[in-house]
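Per our numbering, the very first residue in the sequence shown carries number -1; after that it's consecutive. All C-beta atoms, glycine included, are put in the ideal place defined by N, C-alpha and C. Below is one structure, written out as structure tokens; comments come after it.
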Amino acid sequence: MTMKIGFIGTGGIAKAHLNNLATIEGAEVTAFCDIDLTRAEKEAQQWTEAKAYTDVDEMLDDTTLDAVYICVPPMAHGAPENAVIERGIPFLVEKPLAIDKRKPNEIVKKIESKKLITSVGYHWRYLEGVQRASSLLSDRKSGMALGYWMGGMPMVPWWRKKDGSGGQFIEQTTHIVDLLRYLCGEVDEVYTACSQRVMHEKVEGTTVYDVGTVTMKLNNGMVATISNTCLSPVGHKVGLDIYTDLGVLEISSAGLKEIGPNLISEYKELKNPYFVEDEVFINAVRTGDPTNILSDYKDSVKTHEITIAANESAETGKSVSLKEMSRL
């Protein structure tokens, strides 16, 4: 069965998904929408019968699609999702879900009313090392976790602006927040300390913080700290370290390291998690069974709300309760 797929947004992350879909049997991309028609046309030329558009509604009304990928910048979320949901089309959307909490909460209600299959681009969940860590954690007690996203600033204009990306914790570090939730449980409270140290002086128009640390209390009693910076001229540490009664689990995109009293074992990642994520989504749409999707829209809203709470704490200087925030 050939599946007809549309893309809203044709930037770098869309290209990663497109490369995967090109190797998945029965997946045919037939429509591309981008505010830059030239870019949409360039991608359409790579597929046999694909057409390019600059208007989402025109694309969705002009084509019959089995699934849609939404790969737009953070501030552009909302209208694309609503247009796809209105037509009852399953979709995979790239993180973050938005730069506020209102839009995702409205969208998830519409998804549930339509009973749509959805997936969100938290590809770290599909890492084999993460699945191994999940299995190991079932037999031990975790006390705390330390997370990191230490690197440089992506040089796209919207990323450096709070009203474009929401900041590094929302746009990048959300992957580590989601990993913490997936492996360790739900977060009850957050407190943020952050600052502008370098990038606002180096890159004109920068309004995001370039250093920050978020301390979290989890529902199960664990504590966690996730730090990030985008001022480094070199990429450094990205991952999550979990401290347990039997040792330490160090998780990165490259694999898993288990450190115990008489043991240091390493597992190197062999599969592309983006490909696994895409294959799972396509199979879910094809079969109507979303069981193997590890991150759907409803679940991802919980991760998103933690990052929003972290930003709120940064602005107020006070800790933020997730339960209290959800009532507002």
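Opening and closing residue of the alpha helix (DSSP H) in which D186 lies: Residue 186 sits at position 188 when you count from the first residue of the sequence shown. Taken as a continuous stretch (DSSP letters only), D186 belongs to no alpha helix (DSSP H), being part of the beta strand (DSSP E) at 185 to 193.
Inter-stretch contact (C-beta, 8 Å, three-pair minimum) for the region 189 to 197 and the region 94 to 110: no
G162, DSSP secondary structure in three states: On the sequence shown, residue 162 is found 164 positions in, with the first residue counted as 1. Correct three-state label for G162: helix.
Contact under 9 Å by Cβ, T8 with A38: Within the sequence shown, residue 8 is the residue found at index 10, counting from 1. Within the sequence shown, residue 38 is the residue found at index 40, counting from 1. Cβ atoms of T8 and A38: closer than 9 Å.
For W157, the nearest candidate out of Y207, M57, T305 (CA to CA): Here residue 157 is taken as the residue at index 159 of the sequence shown, counted from 1. Minimum Cα distance to W157 is reached at Y207.
Runs of beta strand (DSSP E) lying entirely within the region 96 to 123, each at least 3 residues, in chain order: 116 to 118
CA-to-CA distance, G233 to M148, given in whole angstroms: Start at 1 with the first residue of the sequence shown, and residue 148 comes out as number 150. Start at 1 with the first residue of the sequence shown, and residue 233 comes out as number 235. The alpha-carbon atoms of M148 and G233 are separated by roughly 6 Å.
Cβ contact check for the region 260 to 275 and the region 59 to 74: 3 or more pairs under 8 Å: Note that the region 260 to 275 does not touch the region 59 to 74; fewer than 3 beta-carbon pairs, one per stretch, sit closer than 8 Å.
A25 in three-state terms, based on DSSP: To locate residue 25, count along the sequence shown from 1; it is residue 27. If DSSP states are grouped into helix, strand and coil, A25 belongs with the strands.
DSSP-derived helix/strand/coil call for M220: Residue 220 sits at position 222 when you count from the first residue of the sequence shown. Of the three classes helix, strand and coil, the one that applies to M220 here is coil, per DSSP.
Classification of Q43 by the beta-carbon crowding that lies within 10 angstroms, buried from 16 upward: One-based indexing of the sequence shown puts residue 43 at position 45. Counting Cβ neighbours within 10 Å, Q43 comes out exposed, since fewer than 16 surround it.
Cβ distance (whole Å) where A308 is taken to contact T190 below 8 Å: Within the sequence shown, numbered from 1, the residue matching residue 308 stands at position 310. Within the sequence shown, numbered from 1, the residue matching residue 190 stands at position 192. Their Cβ separation, rounded to whole angstroms, is 5 Å, which keeps A308 and T190 in contact under 8 Å.
Rounded Cβ spacing between D239 and T116 (contact assumed at less than 8 Å): Here residue 239 refers to the residue found at position 241 when the sequence shown is read from its first residue. Here residue 116 refers to the residue found at position 118 when the sequence shown is read from its first residue. About 31 Å; that fails the 8 Å criterion.
First through last residue of the beta strand (DSSP E) which encompasses V233: For the purposes of this step, residue 233 is identified with residue 235 of the sequence shown, where counting begins at 1. It should be noted that the sequence gives Gly, not Val, for residue 233. It is not in any beta strand (DSSP E) - G233 carries neither H nor E in the DSSP assignment.
Member of K266, A29, E92, C182 whose CA lies at the smallest distance from the CA of G10: Sequence index remark: in the sequence shown, residue 10 carries index 12 (1-based). The shortest C-alpha separation from G10 is found at E92.
One or two residues paired with A143 in a DSSP bridge: Indexing the sequence shown from 1 puts residue 143 at position 145. A143 is bridged to A222, I240.
Local conformation of V206 per DSSP, three classes: Within the sequence shown, the letter at position 208 stands for residue 206. Three-state DSSP puts V206 in coil, outside helix and strand.
DSSP-derived helix/strand/coil call for K40: Within the sequence shown, numbered from 1, the residue matching residue 40 stands at position 42. Here K40 sits in helix by DSSP.
Inter-residue spacing [alpha-carbon to alpha-carbon] between G24 and D55: As a working mapping, residue 24 is identified with position 26 in the sequence shown. As a working mapping, residue 55 is identified with position 57 in the sequence shown. Their backbone Cα atoms lie some 25 Å apart in a straight line.
Terminal residues of the alpha helix (DSSP H) in which S133 lies: Position 135 of the sequence shown, counted from the start, is the residue given in the question as residue 133. S133 -> alpha helix (DSSP H) spans 126 to 135.
Contacts around K321, its chain only, beta-carbon distance under 8 Å, and the 5 residues preceding and following it disregarded: Your numbering for residue 321 matches position 323 in the sequence shown. Taken in chain order, the residues that qualify are D186.
Residues of its chain near M220, where Cβ-Cβ distance is below 8 Å and the 5 sequence neighbours each way are ignored: Mapped onto the sequence shown, residue 220 falls at position 222. Cβ neighbours of M220 beyond the five flanking positions: S140, G141, M142, A143, C182, G183.
Contact the region 276 to 289 vs the region 212 to 219: 3+ CB pairs below 8 Å: no
Coarse secondary structure for I291, derived from DSSP in three states: Your numbering for residue 291 matches position 293 in the sequence shown. Three-state result, I291: coil.
Nearest candidate by alpha-carbon position, reference G203, set V154, P94, S136, P88: For the purposes of this step, residue 203 is taken as residue 205 along the sequence shown, with counting starting at 1. The candidate whose alpha carbon is nearest that of G203 is V154.
C-alpha distance - K266 paired with V175, whole-angstrom precision: Residue 266 sits at position 268 when you count from the first residue of the sequence shown. Residue 175 sits at position 177 when you count from the first residue of the sequence shown. Using only the alpha carbons, I get a separation of about 22 Å.
Expected contact under 8 Å - CB spacing of G114 and G86 to nearest Å: Mapped onto the sequence shown, residue 114 falls at position 116. Mapped onto the sequence shown, residue 86 falls at position 88. Sequence inspection shows Leu at residue 114; the Gly mentioned does not correspond to that position. Beta-carbon to beta-carbon, L114 and G86 are separated by about 7 Å, close enough to satisfy the 8 Å threshold.
K49 - containing beta strand (DSSP E), residue span: Position 51 of the sequence shown, counted from the start, is the residue given in the question as residue 49. Where K49 is concerned, the enclosing beta strand (DSSP E) stretches over 49 to 51.
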